[in-house]
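Asks:
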Amino acid sequence: MSGDGRIALEFMNGPAAIPPRSDTLLVVGGGDTPPQPAAWAGIVTVDQAAITPFAHVAGCACCTGRGGGLAAVLGDAFRRRATGALKWFDRVAVLPPRGQEAAWRAALSADVLVSARFAVRPPRTGPA
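Quick note, the sequence shown lines up with residues 1 to 128 if you use our numbering.
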């Protein structure tokens, strides 16, 4: 949890940079999923298969204005966490597709619901 009560959200640059933690939800945007799925609070994938029946199809006016699939997946994970359908987590690690971190950050920063629920950490500038 961040210092202000929101759920901490951090972008990672590769599977090796993410140590599995039972209080962390892993959001994967493609590529390899880190091993040890049982070690995480949950693993969700940002693609059409990850969107629940409560969400809309990719590219709809509602979701496109909200950051597209990533914002919808985070909203769904937040709802599932609150209802007990997903293990409780107080941290989110995001593993975006190669070269997409800046676009994903921009989409999340423009989404008021994501900003209210998640504290997106600034990019790392030095060695990890």
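Note that beta-carbon positions come from the ideal geometry of N, C-alpha and C, so glycine has one too. Given the structure is predicted, the values throughout are model-derived calculations rather than measurements.
Which class does R91 belong to by DSSP, given the choice of helix, strand or coil?
Replies: strand
Asks: Quick check on R105: buried or exposed, where buried means 16 or more other Cβ atoms within 10 Å of its Cβ?
Replies: buried
Asks: Three or more beta-carbon pairs under 8 Å between the region 92-99 and the region 21-31, yes or no?
Replies: yes
Asks: Considering only DSSP beta bridges, list what A8 is partnered with.
Replies: For A8, the beta-bridge partners assigned by DSSP are R91 and A119.
Asks: Applying the 10 Å Cβ sphere with the 16-neighbour rule, what's the burial state of T83?
Replies: exposed
Asks: Buried or exposed for A61, going by 16 or more other Cβ atoms inside 10 Å?
Replies: Residue confidence for A61 is low, a pLDDT of 44 falling below 50, so the modelled location carries little weight and cannot support an answer.
Asks: I need the boundaries of the beta strand (DSSP E) containing L25, first residue and last residue.
Replies: T24 to V28
Asks: To the nearest angstrom, how far is it from the Cα of L108 to the Cα of A85?
Replies: Each residue's alpha carbon lies about 24 Å from the other.
Asks: Buried or exposed for W40, please, with buried defined as at least 16 other CB atoms from any protein chain shown within 10 angstroms of its CB.
Replies: buried
Asks: Give me the residue from T45, A116, G14 and T24 with the minimum Cα distance to G5.
Replies: A116
Asks: Taking the alpha-carbon positions, what's the A72 to R80 distance?
Replies: 12 Å
Asks: Do you know offhand how far M12's Cα is from L25's?
Replies: In a straight line, the C-alpha of M12 is about 13 Å away from that of L25.
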